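> Take a look at the following structure, please.
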Amino acid sequence: MDRNDRKTNSRTNTITIDCKDTKFIMRKIILDFVVLFCVGILILVFYLWGTPYKRGFFCDDESLKHPYKDSTVTNVMLYIVGLGVPSLTVSHS
Numbered sequence: 002m003d004r005n006d007r008k009t010n011s012r013t014n015t016i017t018i019d020c021k022d023t024k025f026i027m028r029k030i031i032l033d034f035v036v037l038f039c040v041g042i043l044i045l046v047f048y049l050w051g052t053p054y055k056r057g058f059f060c061d062d063e064s065l066k067h068p069y070k071d072s073t074v075t076n077v078m079l080y081i082v083g084l085g086v087p088s089l090t091v092s093h094s
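Numbers in this note's numbering are just positions in the sequence shown, counted from 1, shifted up by 1.
Set out below in C-alpha cells:
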C-alpha cells in the first residue's frame with residue numbers, strides 16, 4: 002500500500018485505510034501464524050520423537066588428528082561481511 006493510496010483528513014491529521022487493505026493485512030497475519038504453527042509442530046515432533054545417533058570415539062584415533070591451522074578469514078573481513086553488507090542492504094531498500 003503506497004502513501005498515495007491512503008486518504009488523509011487534513012483537519013484532524015488522521016489516515017483512513019480502506020476495508021480492502023485491512024482484509025489484505027489480516028490475511029497476511031493469519032498466513033504468518035499458520036506457517037509459524039506448522040514449523041512449531043515440526044520442531045516439537047523432532048524434539049519429542051527424534052533420537053540422535055550416539056557414537057563414541059577414541060582420543061588416540063589417528064584419523065581424527067589434524068595439524069592446527071590459522072583462521073583463513075581475517076577479523077576485518079568478518080566484520081565487513083557480517084555487519085557491513087546487511088547494513089548496506091537494509092539502508093538501501
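Glycine included, C-beta positions come from ideal geometry on N, C-alpha and C.
Quick caveat: nothing in here was measured; it's all calculated off a predicted structure.
Whose C-alpha, out of Gly83, Pro68, Tyr69, is nearest the C-alpha of Thr75?
By 1-based counting over the sequence shown, the position of residue 75 is 74. Closest by alpha carbon: Gly83.
> So what does DSSP say about Thr99, is it helix, strand or coil?
Nothing can be reported for residue 99: it is not among the residues displayed for the chain, which extend from 2 to 94.
> At what residue ranges does the segment 42-87 contain a whole run of the alpha helix (DSSP H), taking only runs of 4 or more?
Entirely contained in the segment 42-87, the alpha helix (DSSP H) runs reaching 4 residues are, in chain order, 76-80.
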